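Q: Convert by adding 1358 to the 1-based position in the sequence shown; the result is the number in this note's numbering. Every residue gets a Cβ at the ideal spot worked out from N, C-alpha and C, and that includes glycine. Predicted model only: the values in this text are computed from it and were never measured. After the structure tokens below, expect a handful of questions from me.
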Amino acid sequence: MVCSSADAAEAKPLTFEADIRPIFRSHCYDCHGSIKEKKGKLDLRLARLMIAGGETGPAIVAGDPDGSFLVKRLREGSMPPGDVRVSDEEIAKISRWIKQGAKTARPEPKQIGAGLGITPEERSWWAFEPISRPPVPGSVGKGRVRTEIDAFVLARLKEKKLGFASDADRLTLVRRVHLDLLGLPPTFEQAQAFINDKRDDAYERLIDECLESPHYGERWGRHWLDVSGYADSEGYTNDDRVRPYAYKYRDYVIRAFNDDMPFDRFIQEQLAGDEMIVGPLKNLGPHQVQKLVATGFLRMAADGTESNPPDAAVAKNQVVADTIKIVSSALLGLSVGCAQCHDHRYDPISQVDYYRIRAVFEPGYDWKSWRNPSQRRVSLYTDAQRSVRAEVQKEIDVVNKEKTAKQQKYIQEALEKEYARYGEPLRGEMRKAKTTPGSKQTDKQKALLKKYPNLNVNGGNLYQYNSKHADEIKAYAPRIAKIQKRIPIEDFVRALTENIGKPGTAPKTFLFHRGDFLRPQKAGPAIPAGLGTLPPVKPRNRDPKHLADRLDLARWLVSDENPLSPRVAVNQTWSHLFGKGLVRTINDFGVRGDLPTHPALLDWLSTEYRRLKWSRKALIRTIVLSATYRQSSATSNQLAQSDPQNTLLGRQTRFRLQAEIIRDNSLT
1359 MVCSSADAAE
1369 AKPLTFEADI
1379 RPIFRSHCYD
1389 CHGSIKEKKG
1399 KLDLRLARLM
1409 IAGGETGPAI
1419 VAGDPDGSFL
1429 VKRLREGSMP
1439 PGDVRVSDEE
1449 IAKISRWIKQ
1459 GAKTARPEPK
1469 QIGAGLGITP
1479 EERSWWAFEP
1489 ISRPPVPGSV
1499 GKGRVRTEID
1509 AFVLARLKEK
1519 KLGFASDADR
1529 LTLVRRVHLD
1539 LLGLPPTFEQ
1549 AQAFINDKRD
1559 DAYERLIDEC
1569 LESPHYGERW
1579 GRHWLDVSGY
1589 ADSEGYTNDD
1599 RVRPYAYKYR
1609 DYVIRAFNDD
1619 MPFDRFIQEQ
1629 LAGDEMIVGP
1639 LKNLGPHQVQ
1649 KLVATGFLRM
1659 AADGTESNPP
1669 DAAVAKNQVV
1679 ADTIKIVSSA
1689 LLGLSVGCAQ
1699 CHDHRYDPIS
1709 QVDYYRIRAV
1719 FEPGYDWKSW
1729 RNPSQRRVSL
1739 YTDAQRSVRA
1749 EVQKEIDVVN
1759 KEKTAKQQKY
1769 IQEALEKEYA
1779 RYGEPLRGEM
1789 RKAKTTPGSK
1799 QTDKQKALLK
1809 KYPNLNVNGG
1819 NLYQYNSKHA
1829 DEIKAYAPRI
1839 AKIQKRIPIE
1849 DFVRALTENI
1859 GKPGTAPKTF
1869 LFHRGDFLRP
1879 QKAGPAIPAG
1889 LGTLPPVKPR
1899 NRDPKHLADR
1909 LDLARWLVSD
1919 ENPLSPRVAV
1929 NQTWSHLFGK
1939 GLVRTINDFG
1949 VRGDLPTHPA
1959 LLDWLSTEYR
1969 RLKWSRKALI
1979 RTIVLSATYR
1989 QSSATSNQLA
1999 QSDPQNTLLG
2009 RQTRFRLQAE
2019 IIRDNSLT
């Protein structure tokens, strides 16, 4: 007996938790799930609650989709309200589920609390599953299978009776490697050198040469700067203020890539460099300064709190929310923003989870004791430099005192010459008016000085009375400037800091009712930070009163317990070499994102990244050495028909070059 795919879908047993709840979560729970007062008193969070119904009676009748009020409303398009409709396929699935008896995967709880909660099915989403090293299919080193990457890719290709495209020619390869790794085309001499290099390891040498180039850090550092939202200005409406010292973070990132700083250390310094410094922020050495500069990652969100925003409280709160957004998308591949108002509509992230994470950042971004951007600068002046400045200032004060005394002497001499031009009693009246403080001068004295402006002798016009004396005073300026050059220049760092070494100063974090910071509900978090789907962040301080801080969060992100960070990092790297990631939605590993095209390869690379001690250069080298990367981008008729989007990687991907690269190409 042969069954069609439609028959198979019709016969497949459906459960509420696995098949129906995700549809309701996307379309219905804003009105019938997440809020306390459900619309029409209809609660769609459990099957039994739908059978019980609301103001209009039962929402569903098990076994009878046509007689179910819910299905009727969905079919006529009156629910949900607005322009977005439940698709016909989704309505058909809901109807089949009801027809099958509206079954659940397990007995439903007798009571249900507020919010949407997270089901075991939602917790088992692929991105949250622990990473295990999958076995490599086939044998490496046979035929076109140069590396383990090729084995995984070829296995998928063989399922469709496809194979690898031929290797790209040498000119294409040298250009590809240079553009991908350096962002610069090879010179004519470099291209010819590789084309004519007959050594067996010529390609490996080319890769190593590019990875050691300082341009590598500039190219790949830019990728990270894009992820972090780097900008040289605050990005706030019309008052887009320049960010002094932001360039230091840019330079830090470039150095980190060129030095091949391990990714786990890279993340820890950016999230918690200030917490890695013991004691007060003074007399900092180069390594401590580097850690402070690294926290510029947390200062990349647009901050208009110093630009007289219409609502200062809203602006402050937005900085914190945008910072969390940058961190979550860059390191977790998740958009957690909507969880600040309610449980995430699609992903297994509760509102409590969001404020657990926010609690980690509150000590640095305490919106009740806010510091504007200019107040967050950290001086790099050391005690030794301050001592030098004080000693030099003493010398300057001595010279200035000498200059002032001489200038006053010359001014008085000039005045005496002016007085001598007049007889008594006018001369005496002039002296008295000139020596009387301005606030005590009589109207007669003021009128007298106005009548005789030649008595207004000062340092600025001394040259009019005696040019030689004026030149003597001017000679002090270069003398003082020369001494001032010995004063160490005070430098600053744009960083995120908090009250280091002062326990008990962390602010309370409140869960905002529907995201409204004017309606805080309760203090929190009462449990360690983290996401409910993953093991919690473990505070390194065993004191039960100590909650997790940013350093704990950073270590958790790169720990073996967290499967998201390595998957996201590997996927970002892959996307820059193939134009698309193994997960197409680079910043969204959640339910609304794409599934990985090669899940086993993604997990193998994630474990390999850890095995390589988080070396970005080693990871890139591993990928670029593969036959998968070296393929031609030419499309055969068979590939065009079987895999037009190149999902299976049967050829190299063509993708657009950036404007800067096109410019450089045109100049070579």
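Among A1985, L1432, R1406, whose alpha-carbon lies nearest the alpha-carbon of A1420?
A: Your numbering for residue 1420 matches position 62 in the sequence shown. Minimum Cα distance to A1420 is reached at R1406.
Q: Under 8 Å by Cβ, that's how I've got R1968 and T1993 pegged, so tell me the actual separation to the nearest angstrom.
A: Position 610 of the sequence shown holds residue 1968. Position 635 of the sequence shown holds residue 1993. At roughly 35 Å, the Cβ-Cβ gap does not stay under 8 Å, so R1968 and T1993 are not in contact.
Q: In the structure shown, what three-state DSSP assignment does Q2016 receive?
A: In the sequence shown, residue 2016 corresponds to position 658, counting from 1. In the structure shown, Q2016 sits in coil (DSSP, three-state: anything other than H, G, I, E or B).
Q: Quick one: residues in its chain with C-beta nearer than 7 Å to the C-beta of P1924, no 5 flanking neighbours on either side, listed in chain order?
A: If you number the sequence shown from 1, residue 1924 lands on position 566. Cβ within range, chain order: I1489, S1964, Y1967, R1968.
Q: Would you please state the rounded distance, in angstroms, between the beta carbons of L1892 and F1522? I believe it to be under 8 Å.
A: For the purposes of this step, residue 1892 is identified with residue 534 of the sequence shown, where counting begins at 1. For the purposes of this step, residue 1522 is identified with residue 164 of the sequence shown, where counting begins at 1. With a Cβ gap of about 37 Å, L1892 and F1522 do not count as contacting.
Q: Locate the alpha helix (DSSP H) running through S1384, then write down its first and last residues.
A: Residue numbering aside, residue 1384 sits at position 26 when the sequence shown is read from its first letter. Segment 1379-1385, the alpha helix (DSSP H) holding S1384.
Q: Using the Cα positions of R1383 and I1707, report the straight-line distance between them to the nearest angstrom.
A: Here residue 1383 refers to the residue found at position 25 when the sequence shown is read from its first residue. Here residue 1707 refers to the residue found at position 349 when the sequence shown is read from its first residue. Whole-angstrom Cα-Cα distance: 12 Å.
Q: Please state if the CB of L1400 and the CB of A1417 are separated by a distance shorter than 7 Å.
A: For this step, residue 1417 is matched to residue 59 along the sequence shown. For this step, residue 1400 is matched to residue 42 along the sequence shown. Yes, Cβ-Cβ distance for A1417 and L1400 is below 7 Å.
Q: Tell me whether D1711 sits in a helix, a strand or coil according to DSSP, three-state version.
A: Along the sequence shown, read from residue 1 onward, the residue named residue 1711 stands at position 353. Looking at D1711 - three-state DSSP - the assignment turns out to be helix.
Q: For Q1996, which of helix, strand or coil comes out of DSSP?
A: For the purposes of this step, residue 1996 is identified with residue 638 of the sequence shown, where counting begins at 1. Here Q1996 sits in helix by DSSP.
Q: Give the straight-line distance between the Cα atoms of T2026 and Q1999, rounded to the nearest whole angstrom.
A: Along the sequence shown, read from residue 1 onward, the residue named residue 2026 stands at position 668. Along the sequence shown, read from residue 1 onward, the residue named residue 1999 stands at position 641. Cα to Cα, the separation comes out at about 37 Å.
Q: Comparing alpha-carbon positions, which option in R1837, L1569, D1622 lies nearest V1756?
A: Taking the sequence shown and counting its residues from 1, the one referred to as residue 1756 is at position 398. Comparing Cα-Cα distances from V1756 to each of R1837, L1569, D1622, the minimum goes to R1837.
Q: Out of A1679, G1575, S1436, R1514, state which residue places its alpha-carbon closest to the alpha-carbon of P1954.
A: The sequence position of residue 1954 within the sequence shown is 596, counting from 1. P1954 has its Cα closest to that of R1514, out of A1679, G1575, S1436, R1514.
Q: Report yes if the C-beta distance between N1596 and T1663 is below 7 Å; otherwise report no.
A: Your numbering for residue 1596 matches position 238 in the sequence shown. Your numbering for residue 1663 matches position 305 in the sequence shown. No, they are not a contact pair.
Q: Contact check, L1983 vs E1562 under 8 Å by CB: the rounded distance?
A: As a position in the sequence shown, residue 1983 is number 625, starting the count at 1. As a position in the sequence shown, residue 1562 is number 204, starting the count at 1. Right, their Cβ atoms sit about 7 Å apart.
Q: On a CA-only basis, which of G1951, F1374, V1941 is nearest A1958? Give me that one, please.
A: Numbered from its first residue, the sequence shown carries residue 1958 at position 600. Taking only the C-alpha atoms, the option nearest A1958 is V1941.
Q: Could you pull the start and end residues of the alpha helix (DSSP H) that V1672 belongs to?
A: As a working note, residue 1672 is residue 314 in the sequence shown. Start and end: 1670-1689.
Q: Tell whether a beta-carbon distance below 7 Å holds between Y1834 and K1761.
A: Within the sequence shown, numbered from 1, the residue matching residue 1834 stands at position 476. Within the sequence shown, numbered from 1, the residue matching residue 1761 stands at position 403. Yes. Within cutoff.
Q: Let's see if you can read the secondary structure: which residues bound the alpha helix (DSSP H) around F1621?
A: Translated into the one-based positions of the sequence shown, residue 1621 becomes position 263. Unbroken alpha helix (DSSP H) run through F1621: 1621-1630.
Q: Just how far apart, CA to CA, sit V1851 and W1582?
A: Along the sequence shown, one-based indexing puts residue 1851 at 493. Along the sequence shown, one-based indexing puts residue 1582 at 224. In a straight line, the C-alpha of V1851 is about 20 Å away from that of W1582.
Q: Assign P2003 to one of three DSSP states: helix, strand, or coil.
A: As a working note, residue 2003 is residue 645 in the sequence shown. Here residue 2003 turns out to be Gln, not Pro, going by the sequence shown. Q2003 falls in the coil class under three-state DSSP.
Q: Taking the alpha helix (DSSP H) that S1745 belongs to, which residues open and close that run?
A: Residue mapping note: residue 1745 aligns to position 387 of the sequence shown, counting from 1. Taken as a continuous stretch (DSSP letters only), the alpha helix (DSSP H) holding S1745 covers 1741-1777.
Q: When you compare only the Cα positions, how much space is there between G1475 and D1946?
A: Locating residue 1475 in the sequence shown gives position 117, where the first residue counts as 1. Locating residue 1946 in the sequence shown gives position 588, where the first residue counts as 1. Cα-Cα distance, rounded: 21 Å.
Q: Quick test of the definition: if touching needs 3 or more C-beta pairs under 8 Å, does the segment 1454-1463 touch the segment 1915-1923?
A: Cβ pair count under 8 Å is below three, so no.
Q: Any contact of the segment 1711-1718 with the segment 1670-1687, i.e. 3+ C-beta pairs under 8 Å?
A: Touching, per the Cβ criterion.
Q: The beta strand (DSSP E) that contains S1482, what's its start and end?
A: Position 124 of the sequence shown holds residue 1482. Neither: S1482 is in no beta strand (DSSP E) and is coded neither H nor E.
Q: Write down the C-beta distance between G1817 and I1831 rounded to the nearest angstrom, noting that I regard them as a contact closer than 8 Å.
A: Reading the sequence shown from its first residue, position 459 is the one you call residue 1817. Reading the sequence shown from its first residue, position 473 is the one you call residue 1831. Sure, about 6 Å apart at Cβ, within 8 Å.
Q: Among K1500, I1625, V1611, R2014, whose alpha-carbon lies nearest the alpha-carbon of W1578?
A: Within the sequence shown, numbered from 1, the residue matching residue 1578 stands at position 220. Selected option, being the one with the closest Cα: V1611.
Q: Since D2001 and L1520 are thought to touch, with beta carbons under 8 Å apart, how far apart are those beta carbons, to the nearest angstrom?
A: Working through the sequence shown from its first residue, we reach residue 2001 at position 643. Working through the sequence shown from its first residue, we reach residue 1520 at position 162. That belief holds up - the Cβ atoms of D2001 and L1520 are roughly 7 Å apart, short of 8 Å.
Q: Using a Cβ-Cβ cut-off of 7 Å (strictly less than) and excluding sequence neighbours within five positions of R1950, which residues of its own chain qualify?
A: As a working note, residue 1950 is residue 592 in the sequence shown. Excluding positions up to five away in sequence, the list reads Y1704.
Q: Using only the alpha-carbon positions, how far apart do T1373 and V1503 sit?
A: For this step, residue 1373 is matched to residue 15 along the sequence shown. For this step, residue 1503 is matched to residue 145 along the sequence shown. Approximately 43 Å between the Cα atoms of the pair.
Q: D1525 to E1567, Cα distance in whole Å?
A: Counting from one through the sequence shown, the residue named residue 1525 turns up at place 167. Counting from one through the sequence shown, the residue named residue 1567 turns up at place 209. Their backbone Cα atoms lie some 21 Å apart in a straight line.
Q: Classify D1907 as helix, strand or coil using the three-state DSSP reduction.
A: Taking the first residue of the sequence shown as 1, we reach residue 1907 at position 549. Coil.
Q: Less than 6 Å between C-beta atoms, sequence neighbours within five positions excluded: which residues of the same chain meet that for I1845?
A: Looking up residue 1845 in the sequence shown gives position 487. R1747, V1750.
Q: Is H1735 helix, strand or coil when you go by DSSP?
A: Counted from its first residue, the sequence shown places residue 1735 at position 377. According to the sequence provided, residue 1735 is Arg. The question's His does not apply to it. Correct three-state label for R1735: strand.
Q: Only counting the same chain, and skipping five residues up and downstream in sequence, which positions put a Cβ closer than 8 Å to that of I1885?
A: As a working note, residue 1885 is residue 527 in the sequence shown. Because the pLDDT at I1885 is just 44, under 50, the model does not fix this residue reliably, and the value given afterwards should be weighed accordingly. Same-chain partners within the cutoff: R1714, P1894.
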